[in-house]
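**Student:**
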Amino acid sequence: MRWYMMPAVLVAMVLVSIANAAAPQADEFIGNIEQGRTGSTLEKGNVVVVPIPMSNPTLGSGLQLAGLYLHPSRGDGKGPNPTTGIGGIYTDSDSWVAGIFHQDYLFEDRLRVSAVAGAGSLKLEYYGFGGEGAFADRPLDYTLDMSIGYFRALWRLPGTEHWFAGPALLYSQGRVEMNFPQFEPVLPAVGKDIAMGAGGLVLSYDSRDNNYYPRRGANFSASWFDFSDTFGSDFDYGKTRLSYSQYWSVSEKLVLAVNGESERGSGAVPFFSQSAVTVRGYNRGRYMDDVAMTVHLEGRYKFHPRWMWLGFYDHGWISEAADELLSGESAHSTGTGLHWQTTRDKPLHLGLDVAFTADNDTVFFIQLGERF
89 MRWYMMPAVL VAMVLVSIAN AAAPQADEFI GNIEQGRTGS TLEKGNVVVV
139 PIPMSNPTLG SGLQLAGLYL HPSRGDGKGP NPTTGIGGIY TDSDSWVAGI
189 FHQDYLFEDR LRVSAVAGAG SLKLEYYGFG GEGAFADRPL DYTLDMSIGY
239 FRALWRLPGT EHWFAGPALL YSQGRVEMNF PQFEPVLPAV GKDIAMGAGG
289 LVLSYDSRDN NYYPRRGANF SASWFDFSDT FGSDFDYGKT RLSYSQYWSV
339 SEKLVLAVNG ESERGSGAVP FFSQSAVTVR GYNRGRYMDD VAMTVHLEGR
389 YKFHPRWMWL GFYDHGWISE AADELLSGES AHSTGTGLHW QTTRDKPLHL
439 GLDVAFTADN DTVFFIQLGE RF
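Note that the sequence shown ends on residue 460 in our numbering; no numbers are left out.
So, in structure tokens, the structure goes:
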């Protein structure tokens, strides 16, 4: 599996996609599973079952369980190994997720196909827009119960080695229910059945030397999705997402990495699909608005063949308009972590990280794989 959050977090990412009801997030999830596509080829299939504890500010603490089947390499030796996986997650907020994915590489890696299906119930918090306002300090609880399906097909662009482009489809349906704990029993919970459907276009470039633990190269993706009646959506809006990562191998042990990502909504974007910053240590719903941008800086030091230390700095901005983004509300955090390589032959890490936020909070979380 950006396999940056591989096996178990795969399901969390599927339902985080649902929670934001934004195809760009689902697209990001698919990009995440692609991080496992490079490395040594497999002569026969390999089954991996992974139970992993999890903790993050958005969903809470709990357990992830994932089963993966790494398909054997094809006879032509071209392209990554296909991967199939199933997984589940449950946290102390009573959020749960179940999902399945498959990723394949066809016609000597000229066509890359990805499919995801999942369902679950997420207990989330609504802080309002713009990072301030009546709910910024006393967020409202809401529940998102949905099922989701996502499909993407990318063709290698003629005459290129690293460029791919193609269409994507997203459809989900379920129910969103807002609770008012501050006013109970005066105001009962308010709910609505919803459907989200979108069609989009995706462009990607990937020259990383390894997708588990890249030491050099670049990774770029751009996507645009149209939520409308055409695709069965109850809402009419658009979403654009850009992401770029660059990696430098400073020495045999030290890697510097930088990532920038932005998201922009247009039209009648529902509150749970607003653009959000991805600053570590914050609840994802804390800073949301029409436009969001986040920058991540990391230093990764491999002081032992299977142990890695990292330090990071994240900074994010939100605003109603792109030209006012850098003067809008912002959040930042610094942090560090200790990661252990889970297998001898593939650099997939499991680690404990800690983030120190601008709100003077200290947040510990467990992560499988790299942030980007």
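Every residue gets a Cβ at the ideal spot worked out from N, C-alpha and C, and that includes glycine.
Alpha carbon to alpha carbon, how far is Glu116 from Thr328?
**Tutor:** Note that Glu116 has pLDDT 41, beneath the 50 cutoff, so the model's placement of it is unreliable and no number is given.
**Student:** If I follow the unbroken beta strand (DSSP E) through Thr146, where does it start and stop?
**Tutor:** Segment: none, Thr146 is in no beta strand (DSSP E) and carries neither H nor E.
**Student:** When burial is assigned at 16 or more other CB atoms within 10 Å of the CB, is Asp485 buried or exposed?
**Tutor:** Examination of residue 485 is not possible in this model, given that the chain is present from 89 through 460 alone.
**Student:** Among the residues of its own chain, which have a CB less than 6 Å from the CB of Asp449, if the five just before and after it don't count?
**Tutor:** Hits under 6 Å: none found.
**Student:** Taking Arg352 as part of the beta strand (DSSP E), name the residues at either end of that continuous run.
**Tutor:** It spans Leu342 to Gly355 - the beta strand (DSSP E) in which Arg352 sits, taken as one unbroken run.
**Student:** Nearest to Ser260 by CA position, among Leu147, Thr248, Asp281 and Thr366, is which residue?
**Tutor:** Comparing Cα positions, the closest option is Asp281.
**Student:** How should Leu436 be labelled, buried or exposed, when 16 other C-beta atoms within 10 angstroms of its C-beta is the threshold for buried?
**Tutor:** Classification for Leu436: buried.
**Student:** Identify whether Phe223 lies in helix, strand or coil by the three-state DSSP scheme.
**Tutor:** Note: Phe223 maps to coil in three-state DSSP.
**Student:** Assign Val379 to one of two classes, buried (16 or more other C-beta atoms within 10 Å of its C-beta) or exposed (fewer than that).
**Tutor:** That one is buried.
**Student:** Can you name, in chain order, every residue of its own chain whose Cβ lies under 8 Å from the Cβ of Ala446, other than the five neighbours on each side?
**Tutor:** Within the same chain, Ala446 has close Cβ partners Ala419, His420 and Ser421.
**Student:** On the DSSP bridge assignment, give the partners of Ala306 in chain order.
**Tutor:** Note: Ala306 sits in a beta bridge opposite Gln334.
**Student:** Rank Phe315, Val185, Phe400 and Trp336 by C-alpha distance to the C-alpha of Arg304 and give the top, closest one.
**Tutor:** That would be Trp336, whose Cα lies nearest to the Cα of Arg304.
**Student:** On the three-state DSSP scale, how would you describe Tyr389?
**Tutor:** Strand at Tyr389.
**Student:** When DSSP labels each residue in this structure, what does Ser62 get in the three-state scheme?
**Tutor:** No answer is possible for residue 62: it lies beyond the span of the chain, which begins at 89 and ends at 460.
**Student:** Pull up the DSSP beta-bridge partners for Arg244, would you.
**Tutor:** According to DSSP, which records beta bridges pairwise, Arg244 is partnered with Phe252.
**Student:** Using only the alpha-carbon positions, how far apart do Gly387 and Thr318 sit?
**Tutor:** Roughly 45 Å between the two C-alpha positions.
**Student:** With a threshold of 7 Å on Cβ separation, who are the neighbours of Asp297 within its own chain once the five nearest residues in sequence on each side are excluded?
**Tutor:** Cβ within range, chain order: Arg303, Arg304 and Gly305.
**Student:** Quick check: the Cα distance between Ser295 and Phe217, rounded to an integer number of angstroms?
**Tutor:** About 37 Å.
**Student:** Would you mind working out which of Asp377, Phe239, Thr366 and Tyr370 sits nearest Phe313, comparing C-alpha positions?
**Tutor:** Closest option to Phe313, Cα to Cα, is Phe239.
**Student:** Once DSSP output is grouped into helix, strand and coil, what is the label at Thr382?
**Tutor:** Three-state DSSP puts Thr382 in a strand.
**Student:** According to DSSP, what are the bridge partners of Gly320?
**Tutor:** Paired residue(s): none; Gly320 is not in a bridge.
**Student:** Enumerate in chain order the residues of its own chain whose CB-to-CB distance from Ala205 is below 6 Å, with the five nearest sequence positions on each side excluded.
**Tutor:** Cβ within range, chain order: Ile188 and Gly237.
**Student:** For Gln455 and Ser292, what's the separation of their Cα atoms in angstroms?
**Tutor:** Whole-angstrom Cα-Cα distance: 25 Å.
**Student:** Can you tell me whether Glu408 is buried or exposed, with buried defined as 16 or more other CB within 10 angstroms of its CB?
**Tutor:** Flag for Glu408 reads exposed.
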